[in-house]
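Visitor: Before we start, here is the structure in question, set down as structure tokens.
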Amino acid sequence: MGVKSGLCSLCFPQALAFFGIRRLAAAGGIVLMYHEVLPDTCLLPAWTVVRESDFCRQMEYLRQHFDVISMDAAVARLADGHHAERPFAVVTFDDGYSGNEQTVLPIMESMGLPFVVYVATQALVGNTLYWYDKVINLLGSGKEQEVRVRLQNGGQQRFLLPSGFASENRRWTAMQQLLSFLKQQQPDERQQLVEEIGAEAVHFESVLTMLTAEQLKRLAASNCVTIGSHTHGHELLIQLQPEEIGATVQTANRLLSEIIGDPPAHFAYPNGDYNELVVEQIKKAGYSTAVTTTGGIWSAHNSLYEIPRVGIGRFDSRARFRALVSGYLP
Numbered sequence: 001m002g003v004k005s006g007l008c009s010l011c012f013p014q015a016l017a018f019f020g021i022r023r024l025a026a027a028g029g030i031v032l033m034y035h036e037v038l039p040d041t042c043l044l045p046a047w048t049v050v051r052e053s054d055f056c057r058q059m060e061y062l063r064q065h066f067d068v069i070s071m072d073a074a075v076a077r078l079a080d081g082h083h084a085e086r087p088f089a090v091v092t093f094d095d096g097y098s099g100n101e102q103t104v105l106p107i108m109e110s111m112g113l114p115f116v117v118y119v120a121t122q123a124l125v126g127n128t129l130y131w132y133d134k135v136i137n138l139l140g141s142g143k144e145q146e147v148r149v150r151l152q153n154g155g156q157q158r159f160l161l162p163s164g165f166a167s168e169n170r171r172w173t174a175m176q177q178l179l180s181f182l183k184q185q186q187p188d189e190r191q192q193l194v195e196e197i198g199a200e201a202v203h204f205e206s207v208l209t210m211l212t213a214e215q216l217k218r219l220a221a222s223n224c225v226t227i228g229s230h231t232h233g234h235e236l237l238i239q240l241q242p243e244e245i246g247a248t249v250q251t252a253n254r255l256l257s258e259i260i261g262d263p264p265a266h267f268a269y270p271n272g273d274y275n276e277l278v279v280e281q282i283k284k285a286g287y288s289t290a291v292t293t294t295g296g297i298w299s300a301h302n303s304l305y306e307i308p309r310v311g312i313g314r315f316d317s318r319a320r321f322r323a324l325v326s327g328y329l330p
């Protein structure tokens, strides 16, 4: 974390946030990226798991200072070119966790706020977790663990995951190092390494679960929810060939259409990874928008297939949240 980011996490005056939010109105708005929201009793120290109480405060803040609108409404607003008094905010969720229906939906419906859920369908139909969540679950044991990852040259790369006595931030930083290493591996090799890590790990019940088909139907039935696609297997698309990109996208479209009745119009790049080839395939599949994980303000100058998002996670203080949504931090 840089100096500016660190200072904003400690203190970011509301007056400064007001100024930034007013400035945003002339440009357009922001898209927030979440993953999962769970009750405060969930102690998994993962950036991707936001506490329910924090999420409620964040949504109340958005409701007070932004026009919280759907993805379709945001596209129309930017196309219209009309400068509104307040900036807009679009709330999005990646992957398709069960808490999106169990925890998020009641909150958003009670506040009358729309949101988008980008679903990766393999875990939905297979009742399983993606590789990264299997690794993140190692933090749930609370024990110090040395994770040894086999290298192709016959050596080992070692990663030390601190125990529950360490701060959540420190534990997540260690986990990020392991995840970053695994993301650099080719898909087949990465899957094999994750299986080897799991074979040596302490086993316990995961607090992370994915949406079921019935939960997805309940989400889709809500006037507050837009369902988008996040591929079938949450593949890192820049590691795939064009035909593989097309296959995972079409599989997700087919499964989502079968479950909710309509094909998704909006897409989120897994891990935010994309290039010109990936964008070409997403356009070819018929999506009207695609969101990234690159921070920033969404204005009419952005391509609809490179929409920036502001990532919100477990460790964002109230001050840091204000700095993020007012455009002072990317």
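For what it's worth, UniProt numbering labels the leading residue of the sequence shown as 1, then goes sequentially. Note that beta-carbon positions come from the ideal geometry of N, C-alpha and C, so glycine has one too. Just so you know, these numbers come straight off a predicted model, no measurement behind them.
(1) At the level of alpha carbons, what is the spacing between Met-111 and Leu-256?
(2) Jot down the residue ranges of each uninterrupted alpha helix (DSSP H) in the region 126–150, minimum 4 residues, whole runs only, in chain order.
(3) Is it buried or exposed, Thr-48, if we count other Cβ atoms within 10 angstroms and call 16 or more buried?
(4) Does the Cβ of Ala-15 have 16 or more other Cβ atoms within 10 Å, making it buried, or fewer, making it exposed?
(5) Would you call the CB atoms of Tyr-34 and Thr-121 closer than 8 Å?
(6) Excluding the 5 residues flanking Thr-209 on each side, which residues of the same chain have their C-beta closer than 6 Å to its C-beta?
(7) Under 8 Å by Cβ, that's how I've got Leu-24 and Gly-327 pegged, so tell me the actual separation to the nearest angstrom.
(8) Would you mind giving the Cβ-Cβ distance between Pro-270 and Leu-324, rounded to the nearest angstrom? I have them listed as a contact below 8 Å.
(9) Hey, out of Gly-313, Phe-159, Asn-302 and Ala-319, whose CA is closest to Gly-29's CA?
(10) Check this for me: beta carbons of Thr-128 and Leu-38, under 8 Å apart or not?
(11) Grab me the residues of Ile-297's own chain with a C-beta within less than 8 Å of its C-beta, minus the 5 sequence neighbours each way, in chain order.
(12) Looking only at DSSP bridge pairs, what is Ile-307 linked to?
(13) Using the Cα positions of Gln-152 and Gln-184, report the straight-line distance between them to the nearest angstrom.
(14) In this structure, what does DSSP give as the bridge partners for Glu-60?
(15) Which residue or residues does DSSP assign as beta-bridge partners of Thr-226?
Guide: So, from the listed chains and residues:
(1) Here the C-alpha atom of Met-111 lies approximately 27 Å from the C-alpha atom of Leu-256.
(2) 131–136
(3) buried
(4) Ala-15 should be labelled exposed.
(5) No, Cβ-Cβ distance for Tyr-34 and Thr-121 is not below 8 Å.
(6) Ser-98
(7) 6 Å
(8) The Cβ separation is near 22 Å, so there is no contact.
(9) Asn-302
(10) no
(11) Closer than 8 Å at Cβ, skipping near neighbours: Leu-24, Ala-27, Gly-28, Gly-29, Ile-30, Pro-308 and Gly-327.
(12) Val-291
(13) 13 Å
(14) The partner list for Glu-60 (beta bridge, DSSP) is empty, contrary to what the question assumes.
(15) Within the DSSP secondary-structure output, Thr-226 pairs in a beta bridge with Val-116.
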